[in-house]
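Novice: Below you'll find the structure I mean.
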Amino acid sequence: MDQVFAYPAKWWNEAVVVWLVVAVVIYAVTAVPGLYFIMKYRFRPGEREVGDHEKHGHWGLEALWTIVPTIVVLVLATYSFAVFKKQRTVPEDAMTLKVTGFMWGWQVEYLDDKGNTVKTVVTAYNPTSYEAPEDQKIVVPAGKPIKVLLTSMDVVHAFYVMPAKIVEDAVPGRITYLWFQINKPGEYWVFCREFCGTGHSHMFAKLKVVPPDQFAAWLKGETDFAKQPDEIKENI
Amino acid sequence: MREAVAVPWFSAGIKEWVFTTDHKKIGILYFTTGLIAFIIAGIFGMLIRFEQNAPGFQVVSPNFYNYLLTGHGAVMLLWWAIAAHIGGFGNFLLPLMIGARDVAFPRLNALSYWAFFGATVIVLLTLIPGNHIKMMWTGYPPYAAHPDAGVTAYYVFAIHLLGVSSIATAVNFITTYIRMRAPGIGFWNTNLYVHSLIAANVIQLIGVPSLAGAVTMLFLDRYLGTNFFNPNLGGDPLLYQNVFWFYSHPAVYVMIIPIFGFYSEILSTFSRKPIFGYKSMVFAIWGIAVISFIVWIHHMFTSGVPDWARVLMSYTTVLVAVPTGVKIFNWVATLHGGAIILRSPMLYALGGIFMFLIGGLTGIPNAMVAIDLGVHDSLFVVGHFHYVLGMALTLGIFGAVIFWFPKVVGKMYPENFGKISFWLVFIGANIFYFTQMIVGFIGMPRRYPDYPPIPEWVTLNQISTVGALILGLGVLVFLIGIIKGLTSGEEANDNPWQSPSLEWRVKSPAPVDNFGEKPPQVEPDYHPYKYGAPPTF
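Line order of the protein sequences matches chains A and B.
Numbered by this note's numbering, the letters in the first sequence go through residues 675 to 910 in order.
Numbered by this note's numbering, the letters in the second sequence go through residues 670 to 1206 in order.
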């Protein structure tokens, strides 16, 4: 198995490191001289009573701290553009999930090769707990890119795959997408990150990442389609 | 109402306060109303903090929590971060700083305040349990048009009245600045606070109609059955977001640019030297104002807008860092070679700049679209904007209150209260919001009253609460200081900080007719930052 834990989290983490380095450097070149000046150029009776009036500007310096930051931020934005392209380009071999948000849960549809829904998982709204029954967990295979097509039945929601560090809004009347790949089996959090009302903080899902063979078995296994439409109705 | 103008504010009766057209009294009314709103919204904020302290619902129900969030956001932003200082300090200082008798349209100015007062009444009405509004200050449809959101009309009408108030103020201030400067006050020797105030009001004038349009469509959708934002009948929820953020992003600069003005005034005074790079400061202010209108998509980086729009606005957003960076570097350079006096306004200004520096640097990941895809709508964003807006702004206002207290009240703000409150607010805010940024970075979404008991989240939220308590205590000390200053403050002379700026050349407290019948005479080489004689305070 791949050493990388999850995509696009890998690139996200790298981008964060780049930003942190730049931020710490900018912080150092700004705050350190600032603190030093505050200590050094203190008002002292009889010694230092007025400021240096000729120091009221220096075009060279001002040009310097206009041009250098411009270059730095443009480089950062371009780097972010390159990462963004990878975050938004779904790998060819991705598996597609159709995810529909509603107040307050998710309906996840698994598709076959022809695009027909073969299995549906619906998370029921539970206002008191963060436990999810086994049949309400979103099961996905490890090590395989997953493309999520998002929309919403009612208000704007957002599908945040916490281990993959990626979020996209689910907007009624639109289909948006994101993709992720998690290589390590386990249970992870999915949260709604766009404010959607009373149950917003309990609009979560458990993402169960299993080895591919287990996933295939789960997908073929028994489903309980019959009771799900009622559950959805209850919740909206 | 000529006779009304003859009474100074401290001996004015109720009738005078209601019918006044005096810019100083209106300024005091604005600031007092804003400060009361700040206290209420601050209590809301503390309740939010206590609820988030631990997983589960301990303090409030989710519905009441959503009301608290909506109220805290809307009131802090529109009452405290805009009206309190633009209406309060702007009104009080603008005519004094440019040597005018009053603003250009005094009665329009009174209308501004009373429209704002109407909005305040509406927002206070939502305190009644059945009237809670829960759509957040952003009011995104379709949720805001959904019954779960509460009485959307309160939100819409409050925004409308605030809009009337803001537009009238903007027209007034811009006209005043262009037409009513005393002889000798030109573009290159007005105070940076005035420049910032005018830039902020130009943004208001262009932007506010857009917000009013957005909420009007929301109102029509909710109550009259139109379908601007209803996707089932051809509307589009993203239309609202675009129109809303077209104003509401520039609005954050409306909030913060005048605070930059406060920093400049205070820094220069307590360094006893001119502000460094005056001209580049002016260019930076206007640069921020222009760029502010072409960056709004960064609030919608994950909302399903096309990828090209996200990348484009990612580039424009990072460019905002350039003029703000110029300002920060210039402030640091102002300290170089100064004779720095660490009085409490100076501490507040320096602390505010420090907060803004952290806030600016943590703004970069929100601007870099690649990182934003992971942190959008997380508590990281909340921590970030509480650094830039919340704290940089509040520290700036507190500093300004202490700084201009003698001119408004005629007494000094007690220095020990200023110092103690500064350190409490500064330390508390950093503990509070820095941990909030970390917990957001590791994934915690914003606007969550309850969250799963992930150990790191719980620990960080508890540290955050400790910070909030210290911050709250600091604000309390500051407020007690105001009362103490009003009742038993030391008598102030006309120019306690020995500033060459024009507003200090009138008596303390500022007389009703400002400079008298004739405009003030300024020396030919007048400049507000020309510090001469050694200070005696």
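Even glycine gets a Cβ: it sits at the ideal position worked out from N, Cα and C.
1. Using a Cβ-Cβ cut-off of 7 Å (strictly less than) and excluding sequence neighbours within five positions of threonine 690 of chain B, which residues of its own chain qualify?
2. Comparing alpha-carbon positions, which option in A:Ala737, A:Ile712, A:Gly734 and A:Leu881 lies nearest valine 814 of chain A?
3. So if I threshold CB-CB distances at 7 Å, which residues from the region 814-832 of chain A count as touching chain B?
4. Using the DSSP secondary-structure output, state which residues sit across from glutamate 1160 of chain B in a beta bridge.
5. Which first and last residues belong to the beta strand (DSSP E) in which tryptophan 853 of chain A is found?
6. Which full runs of the alpha helix (DSSP H) of 4+ residues lie inside the region 843-896 of chain B, going along the chain?
7. Could you tell me if alanine 816 of chain A is buried or exposed, where buried requires 16 or more neighbouring beta carbons within 10 angstroms of its beta carbon?
8. Do alanine 1008 of chain B and glutamate 728 of chain A have their C-beta atoms within less than 7 Å of each other?
9. So proline 815 of chain A is in the alpha helix (DSSP H); what residue range does that whole segment cover?
10. Have a look at the DSSP bridge pairing and note the partners of valine 1094 of chain B.
11. Using the DSSP secondary-structure output, state which residues sit across from lysine 882 of chain A in a beta bridge.
12. Output the distance between the C-alpha atoms of glutamine 1190 of chain B and glycine 768 of chain B, rounded to the nearest integer angstrom.
13. Quick check: proline 1034 of chain B and isoleucine 1027 of chain B, are their CB atoms within less than 7 Å of each other?
14. Could you pull the start and end residues of the alpha helix (DSSP H) that glycine 703 of chain B belongs to?
15. Could you say which of B:Pro1193, B:Lys1199 and B:Pro1169 lies nearest to leucine 765 of chain B if we only look at CA atoms?
16. Between the region 1116-1132 of chain B and chain A, which residues of the former have CB atoms less than 7 Å from a CB of the latter, in chain order?
17. Between the C-alpha atoms of threonine 938 of chain B and tryptophan 1166 of chain B, what's the straight-line distance to the nearest angstrom?
18. Less than 7 Å between the beta carbons of phenylalanine 707 of chain B and tryptophan 749 of chain B, yes or no?
19. Within the 7 Å Cβ cut-off, does alanine 751 of chain A reach chain B?
20. So, does the region 969-987 of chain B touch the region 933-949 of chain B, judging by three or more C-beta pairs under 8 Å?
21. Got a sec? Which residues, its chain only, sit under 8 Å from glutamate 842 of chain A by beta carbon, not counting five neighbours each side?
22. So, using beta-carbon positions, are proline 859 of chain A and valine 884 of chain A closer together than 7 Å?
23. Between which two residues does the alpha helix (DSSP H) carrying glutamate 688 of chain A extend?
24. Can you tell me which of the three DSSP states glutamate 842 of chain A falls into?
25. Using a Cβ cut-off of 7 Å, pull out every chain B residue sitting near tryptophan 739 of chain A, in sequence order please.
26. If we ignore side chains and look at the alpha-carbon of each, how far apart do phenylalanine 1139 of chain B and valine 1146 of chain B end up?
27. Mapping DSSP to helix, strand and coil, what is threonine 795 of chain B?
28. Kindly provide the ranges of any alpha helix (DSSP H) runs that are 4 or more residues long and lie completely inside the region 973-1044 of chain B, ordered along the chain.
29. For serine 803 of chain A, does the count of other Cβ atoms within 10 angstroms reach 16, so buried, or fall short, so exposed?
30. At which residues does the alpha helix (DSSP H) containing leucine 765 of chain B begin and terminate?
31. For the alpha helix (DSSP H) that contains tryptophan 780 of chain A, what are its first and last residues?
32. Check isoleucine 683 of chain B in the structure and name its three-state DSSP category.
33. Could you give the C-beta distance for valine 959 of chain B and histidine 918 of chain B, rounded to a whole number, given that I count them as a contact under 8 Å?
34. Note down, in chain order, every chain B residue with its Cβ under 7 Å from the Cβ of glutamine 761 of chain A.
35. Here's the rule: buried if 16 or more other CB atoms are within 10 angstroms of the residue's CB, otherwise exposed. What is tyrosine 715 of chain A?
36. Taking buried to mean at least 16 other C-beta atoms within 10 Å of its own C-beta, is leucine 794 of chain B buried or exposed?
Specialist: The structure says:
1. Met670, Pro775, Arg776, Asn778 and Ala779.
2. Comparing C-alpha distances from valine 814 of chain A to each of A:Ala737, A:Ile712, A:Gly734 and A:Leu881 shows the shortest one belongs to A:Leu881.
3. Answer set for the region 814-832 of chain A: Asp828, Val829, Val830 and Ala832.
4. In the DSSP output, where bridge partners are listed per residue, glutamate 1160 of chain B has B:Lys1080.
5. Where tryptophan 853 of chain A is concerned, the enclosing beta strand (DSSP E) stretches over 850-856.
6. Runs found: 861-893.
7. With 16 or more Cβ atoms within 10 Å of its Cβ, alanine 816 of chain A is classed as buried.
8. No, the Cβ-Cβ distance between alanine 1008 of chain B and glutamate 728 of chain A is not below 7 Å.
9. No alpha helix (DSSP H) contains proline 815 of chain A, which is instead part of the beta strand (DSSP E) from 812-815.
10. For valine 1094 of chain B, DSSP assigns no beta-bridge partner whatsoever.
11. Bridge partners of lysine 882 of chain A: A:Val813 and A:Glu861.
12. The straight-line gap from Cα to Cα measures roughly 9 Å.
13. When the beta-carbon positions are compared, proline 1034 of chain B and isoleucine 1027 of chain B stay at least 7 Å from each other.
14. It spans 692-721 - the alpha helix (DSSP H) in which glycine 703 of chain B sits, taken as one unbroken run.
15. For leucine 765 of chain B, the nearest C-alpha among the options comes from B:Pro1169.
16. Listed in sequence order: Arg1116, Tyr1117, Pro1118, Asp1119, Tyr1120 and Pro1121.
17. Rounded to whole angstroms, the separation of the alpha carbons of tryptophan 1166 of chain B and threonine 938 of chain B is 7 Å.
18. A Cβ-Cβ contact shorter than 7 Å links phenylalanine 707 of chain B with tryptophan 749 of chain B.
19. Alanine 751 of chain A counts as touching chain B.
20. With contact defined as three or more Cβ pairs closer than 8 Å, the region 969-987 of chain B and the region 933-949 of chain B are not in contact.
21. Closer than 8 Å at the Cβ level, and outside the excluded window around glutamate 842 of chain A, lie Val822, Leu824, Ala832, Phe833, Thr850, Tyr851 and Leu852.
22. Proline 859 of chain A places its beta carbon less than 7 Å from that of valine 884 of chain A.
23. Residue range 683-714 is occupied by the alpha helix (DSSP H) that includes glutamate 688 of chain A.
24. Looking at glutamate 842 of chain A - three-state DSSP - the assignment turns out to be strand.
25. Going along chain B in sequence order, the residues near tryptophan 739 of chain A (Cβ under 7 Å) are Gly994, Val995 and Phe998.
26. Per the sequence presented here, residue 1139 of chain B reads as isoleucine, with phenylalanine not at that position. Cα to Cα, the separation comes out at about 11 Å.
27. Coil, per DSSP.
28. Assignment of alpha helix (DSSP H) within the region 973-1044 of chain B, counting only whole runs of 4 or more residues, yields 976-988, 990-1004, 1013-1030, 1033-1036 and 1038-1044 in chain order.
29. Burial call: exposed.
30. 760-767 is the extent of the alpha helix (DSSP H) around leucine 765 of chain B.
31. Counting along the chain, tryptophan 780 of chain A falls outside any alpha helix (DSSP H), though it belongs to the beta strand (DSSP E) covering 779-785.
32. Of the three classes helix, strand and coil, the one that applies to isoleucine 683 of chain B here is helix, per DSSP.
33. The C-beta separation of valine 959 of chain B from histidine 918 of chain B comes to about 13 Å, leaving the pair out of contact by the 8 Å criterion.
34. In chain order, Ala1039 and Leu1042 make up the part of chain B whose C-beta sits under 7 Å from the C-beta of glutamine 761 of chain A.
35. Its Cβ being crowded by 16 or more others within 10 Å, tyrosine 715 of chain A is buried.
36. Counting C-beta atoms within 10 angstroms of its own C-beta, leucine 794 of chain B has fewer than 16 neighbours from the protein chains shown and is therefore classed as exposed.
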